[in-house]
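Residues in the sequence shown are numbered consecutively from 95, following the numbering used here.
Glycine included, C-beta positions come from ideal geometry on N, C-alpha and C.
For clarity, every value in this text was computed on a predicted model and none was experimentally measured.
Following: one structure in structure tokens, then a few remarks.
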Amino acid sequence: MRPHDKRPAGSSAIYWGLLAFSLLFGVWLNSTGLGRQLDDNVYDFFFRHYQPPPWKTSSALLTIDEQTFHDFEGINHTRKALAAGLNLIRDAHPLAVAVDIILAEPGEDDDALEAAFSATQHLALPCELVGQRTGQWEDPIRRFKRHAAAVGQVYVEPGGDAISRYIELYKRTGEGAKTDRRWALALEAYRVSRGVDVVESPNELQVGDVIIPATKEASGYRMRIRYVPPSMTQIPRVSIADLARDPSLASRFAGKVVFVGVIAQTAARDRWMTPLSDSIPMAGIEMNANAYETIANRLFLTDAHEEVYFLTALMMVAAAGLIWQLTGGITAPLLSVALLALAHLFPYWLFTRGTVFPYVIAVLPAWIAITAAASWHYFYVRRRLGHSEAEKTRYQQAIHFVTHEMRTPLTAIQGSSELINRYPAMPEAKRQQINNLIVAESHRLGRMIEVFLNVERLSAGDMQLKDDQFPLPDLVDSCVGRAQPLAERKQITVVREGVPDQVLHGDRELMEYAFYNLLTNAIKYSPSETRVRVFGSGDNGRIRLSVEDQGIGMDQKEVRRIFEKFYRTRRAEQSGEAGTGIGLSIVEQIVTQHGGSIDVVSSPGKGSCFTLVLPSGKVRP
Ligand code: ADP
């Protein structure tokens, strides 16, 4: 039997190719907008679910709310309110004061405000970028700026979904020598409060003894804000209106870095959603305070490196591939579930340790690779099962053939020998006749076994063909002669027409078997009183030998299947002719082994023509 259980050639290349595709697809999807959006959403989800250990906040908010506007005669007197607020907290000795109100134009209450600024220690004022094209910093007017220890930019960077997850630690205008960079207000507030400098290097920024792990990109250094989680009390806040009413509230600012800004819903234009906000956006001033908390408490969330993502995805895919390649049964699905669980939990575990790992790249390649590997395995196993089922049926049918076909001569031999034993006084002539029958039948049986075994060995590829040389007409005559009695029984005329007088090279016994089979089929599958024609031709180094009948014929679908072992057409079954459906498969094997082929032209009810096409030269190169 053919070794069907061997893995099909190249199957393993297809398997690993499929897995490589899963990897590339996962990596590609991660780089698309959809992938980034999913990563961000999962990041927000982690943010809400993982509460870091609480810390002691070191900032405080001095806010201008609706009440403050009301008490200080409206939005046009914001500076008056600001001056009052600064004066009220001064005695509490805040560590630094960062103002998030743009002061780029002169205003009504500037004298009062300047006086307040000049008396404020460690003051950081804001600046804003104007004109997207030209890019220019709008600083506080000179009279304010000269009292400031630092001027910082107040940008928060919302993502495409308007959720703010980062700040840029600096922003710049202009190129080359004209570059004008401004650090973020939160960073300036920290720097001023500690009286330290910012030291830059490609992978981090150092401010005093804090090292901010931020990679320098084209746009600058990006830092993820660790928003104060809901499990902690919020950053303390006092509005200027409340402070004016109760100056003792100023004690809340003692030793803190104070962020001053507008939070009134009607006036605060810089409000953004954060991963933690439900529906109310957060005011810019509070975001700056959160960014300050991130720096001051070293609560950094660092993005994993790209090589790490790629390596992780590669490992997931390789693991999926190996699981399905090396294990079977229930182990493979169980390990796959474990791998998926790992893929899902790994980014969360990293998040709890301050590393942000894109979720899609951990999870997607694992899912795709497992699905691909499992389906491949499933189809492969099914195909193998199909093959072995087919092998089993064939084996059973072969046994059937052996028992059925070979029983006839065996029964004749048995019957004859018993006769001789039972009637010892049998006349000599009769005894001789029975002896001849026994010899003939045992030869026939021997030949049948020989052919069957030869063909099995042929298909297994471990038999050498004999290299006989014999004239084609001899082969035809011998077969036609042997088939004659069969034809006569059905009153079928076998017409032998022109056969080229050429010499065939090959295994004569097998060739005879093949041609005889075609001839007997033609007789078997034809009604009586019809004609079977045998004719041949030879040209271009090919010999064509045909057997044409006027029998039951076959349609195209049937013709395509007749060389399968044990296949019989419905018409053949109904014809009442005995058969096993093995003959033609043997014929095909023999002819192919001789470097030839078989042509079949047939039409139902009209007849068939089988043609052997054989090389006239040597059997094998
Ligand atoms: P068997 O004759 O023992 O059934 P074969 O392998 O020789 O097996 O042939 C396979 C099948 O091909 C036959 O059962 C029959 O259906 C079909 N067949 C073969 N030769 C002919 C023919 N000359 N005319 C019609 N059908 C044929």
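Task: Touching by the beta-carbon criterion (3+ pairs, under 8 Å), the segment 631-649 and the segment 689-699 - done: yes
- [ ] State buried or exposed for Ala414, treating a residue as buried only when at least 16 other CB atoms are found within 10 Å of its CB.
- [x] Locating residue 414 in the sequence shown gives position 320, where the first residue counts as 1. So Ala414 counts as buried.
- [ ] Figure out for me which residue from Ile656, Val411 and Leu569 has the closest Cα to the Cα of Arg590.
- [x] Position 496 of the sequence shown holds residue 590. Of the candidates Ile656, Val411 and Leu569, the one whose C-alpha sits nearest the C-alpha of Arg590 is Leu569.
Task: Met542 - DSSP class collapsed to helix/strand/coil - done: Translated into positions along the sequence shown, residue 542 becomes position 448. Three-state result, Met542: helix.
- [ ] Just mark His164 as buried or exposed, buried being the case when its beta carbon has 16 or more other beta carbons within 10 Å.
- [x] Sequence index remark: in the sequence shown, residue 164 carries index 70 (1-based). Exposed.
Open item on the list: Restricting to Cα atoms, I'd like to know which of Arg173, Ser620, Ser640 and Glu208 is closest to Phe609.
Closed with: Walking along the sequence shown from the start, residue 609 turns up at place 515. That would be Ser640, whose Cα lies nearest to the Cα of Phe609.
- [ ] Counting only the same chain and skipping the five closest in sequence on each side, list residues whose C-beta sits under 6 Å from that of Pro252.
- [x] Start at 1 with the first residue of the sequence shown, and residue 252 comes out as number 158. Only Ser258 and Trp366 meet the Cβ criterion.
Open item on the list: Using C-beta distances below 7 Å, list every residue in its chain close to Trp470, excluding the 5 sequence neighbours before and after it, in chain order.
Closed with: Position 376 of the sequence shown, counted from the start, is the residue given in the question as residue 470. The answer, listed in chain order, is Tyr109 and Leu112.
Task: Buried/exposed call for Ile169, threshold 16 Cβ in 10 Å - done: Taking the sequence shown and counting its residues from 1, one reaches residue 169 at position 75. With fewer than 16 other Cβ atoms within 10 Å, it is exposed.
Open item on the list: So, for Ser510: in the same chain, excluding its five sequence neighbours on each side, which residues have a beta-carbon less than 6 Å away from its beta-carbon?
Closed with: Within the sequence shown, the letter at position 416 stands for residue 510. Cβ within range, chain order: Ile528, Leu531 and Ile532.
TODO: Express the C-alpha separation of Glu483 and Val450 in angstroms, rounding to a whole number.
DONE: Against the sequence shown, residue 450 aligns to sequence position 356. Against the sequence shown, residue 483 aligns to sequence position 389. Computed Cα separation, rounded: 52 Å.
Task: Coarse secondary structure for Glu298, derived from DSSP in three states - done: Your numbering for residue 298 matches position 204 in the sequence shown. Of the three classes helix, strand and coil, the one that applies to Glu298 here is strand, per DSSP.
Task: Contact belief for Ser152 with Ala390 at Cβ below 8 Å, rounded distance in angstroms - done: The count along the sequence shown starts at 1 and reaches residue 152 at position 58. The count along the sequence shown starts at 1 and reaches residue 390 at position 296. Ser152 to Ala390, Cβ: 5 Å. Contact.
Task: Test item: CB-CB of Pro234 and Leu263 under 8 Å - done: Position 140 of the sequence shown holds residue 234. Position 169 of the sequence shown holds residue 263. No, they are not a contact pair.
TODO: Quick one: using the 10 Å Cβ neighbour count with 16 as the cut-off for buried, is Ile379 buried or exposed?
DONE: For this step, residue 379 is matched to residue 285 along the sequence shown. Classification for Ile379: buried.
Open item on the list: Between Lys618 and the ligand ADP, is there a pair consisting of the residue's CB and a ligand heavy atom that are separated by less than 7 Å?
Closed with: Your numbering for residue 618 matches position 524 in the sequence shown. Yes - the ligand ADP has a heavy atom lying nearer than 7 Å to the Cβ of Lys618.
Task: Per-residue DSSP class, three states only, for Phe704 - done: In the sequence shown, counting from the first residue as 1, residue 704 sits at position 610. Strand.
Open item on the list: Quick check on His98: buried or exposed, where buried means 16 or more other Cβ atoms within 10 Å of its Cβ?
Closed with: The residue labelled residue 98 in the question sits at position 4 within the sequence shown. Any reading at His98 must be qualified, since the residue scores a pLDDT of 34, below 50, and its modelled position is unreliable; no value is offered.
- [ ] Whole angstroms is fine: what's the gap from Leu433's alpha carbon to Phe445's?
- [x] Position 339 of the sequence shown, counted from the start, is the residue given in the question as residue 433. Position 351 of the sequence shown, counted from the start, is the residue given in the question as residue 445. Distance between the alpha carbons of Leu433 and Phe445 is about 19 Å.
Task: Residues sharing a beta bridge with Glu599, DSSP - done: Mapped onto the sequence shown, residue 599 falls at position 505. The question names Glu, but residue 599 is His in the sequence shown. In DSSP, His599 forms a bridge with Gln563.
- [ ] Report yes if the CB atom of Glu606 is closer than 8 Å to the CB atom of Ser631, and no otherwise.
- [x] Indexing the sequence shown from 1 puts residue 606 at position 512. Indexing the sequence shown from 1 puts residue 631 at position 537. Result no, Cβ atoms of Glu606 and Ser631 do not sit closer than 8 Å.
Task: Rounded separation between Leu180 and Glu294 - CA only - done: As a position in the sequence shown, residue 180 is number 86, starting the count at 1. As a position in the sequence shown, residue 294 is number 200, starting the count at 1. Looking at the two C-alpha atoms, the distance is approximately 32 Å.
Open item on the list: For Gly540 and Ala467, what's the separation of their Cα atoms in angstroms?
Closed with: Indexing the sequence shown from 1 puts residue 540 at position 446. Indexing the sequence shown from 1 puts residue 467 at position 373. Straight-line Cα distance between these residues: approximately 51 Å.
Open item on the list: Using CA atoms only, rank isn't needed, just tell me which of Ala581, Ala534, Leu604 and His537 is closest to Gln563.
Closed with: Mapped onto the sequence shown, residue 563 falls at position 469. With distances taken between Cα atoms, Gln563 lies closest to Leu604.
Open item on the list: Quick check on the DSSP output: the alpha helix (DSSP H) that includes Trp443 runs from which residue to which?
Closed with: One-based indexing of the sequence shown puts residue 443 at position 349. Residues Thr425 to Thr446.
Open item on the list: Given the structure, does Thr497 come close to the ligand ADP, in the sense that its CB is under 7 Å from one of the ligand's heavy atoms?
Closed with: As a working note, residue 497 is residue 403 in the sequence shown. Result no, Cβ not under 7 Å from the ligand ADP.
TODO: Tell me whether Arg236 is buried or exposed, calling it buried when 16 or more other Cβ atoms sit within 10 Å of its Cβ.
DONE: Taking the sequence shown and counting its residues from 1, the one referred to as residue 236 is at position 142. It is exposed - the Cβ of Arg236 has fewer than 16 other Cβ atoms within 10 Å.
- [ ] Taking Leu182 and Pro330 to be in contact with their CB atoms under 8 Å, please state how far apart those CB atoms are, rounded to whole angstroms.
- [x] In the sequence shown, residue 182 corresponds to position 88, counting from 1. In the sequence shown, residue 330 corresponds to position 236, counting from 1. Going by Cβ atoms, the distance from Leu182 to Pro330 rounds to 15 Å, so no, they are not a contact pair.
Open item on the list: Tell me the rounded alpha-carbon separation between Lys584 and Gly422.
Closed with: Indexing the sequence shown from 1 puts residue 584 at position 490. Indexing the sequence shown from 1 puts residue 422 at position 328. Using only the alpha carbons, I get a separation of about 59 Å.
Task: Residues near Arg655 by beta carbon distance below 7 Å, same chain, minus five either side - done: As a working mapping, residue 655 is identified with position 561 in the sequence shown. So the qualifying residues of the chain are Tyr661.
- [ ] Return the CA-CA distance between Gly502 and Pro621, expressed in angstroms with no decimal places.
- [x] As a first step, residue 502 is located in the sequence shown; it is residue number 408 there, counting from the start. As a first step, residue 621 is located in the sequence shown; it is residue number 527 there, counting from the start. Sequence inspection shows Thr at residue 502; the Gly mentioned does not correspond to that position. Those two C-alpha atoms are separated by around 25 Å.
Open item on the list: Tell me whether the segment 265-282 and the segment 401-413 touch, counting them as touching only if at least three CB pairs, one residue from each stretch, are closer than 8 Å.
Closed with: no
Open item on the list: Under 7 Å: does the beta carbon of Met500 sit that close to some heavy atom of the ligand ADP?
Closed with: As a first step, residue 500 must be located in the sequence shown, where it is residue number 406. No, the ligand ADP has no heavy atom inside 7 Å of this Cβ.
Task: Phe473 burial status per 10 Å Cβ neighbour count (16 or more: buried) - done: Reading the sequence shown from its first residue, position 379 is the one you call residue 473. Counting Cβ neighbours within 10 Å, Phe473 comes out exposed, since fewer than 16 surround it.
Open item on the list: Using CA atoms only, rank isn't needed, just tell me which of Thr157, Ile680, Ser536 and Ala209 is closest to Ala338.
Closed with: Position 244 of the sequence shown, counted from the first residue, corresponds to residue 338. Residue Thr157 is the option with its Cα nearest to Ala338.
Task: Cβ-based burial, Thr360 [other Cβ within 10 Å; buried from 16] - done: Within the sequence shown, residue 360 is the residue found at index 266, counting from 1. The residue in question, Thr360, is exposed, as its Cβ has fewer than 16 Cβ neighbours within 10 Å.
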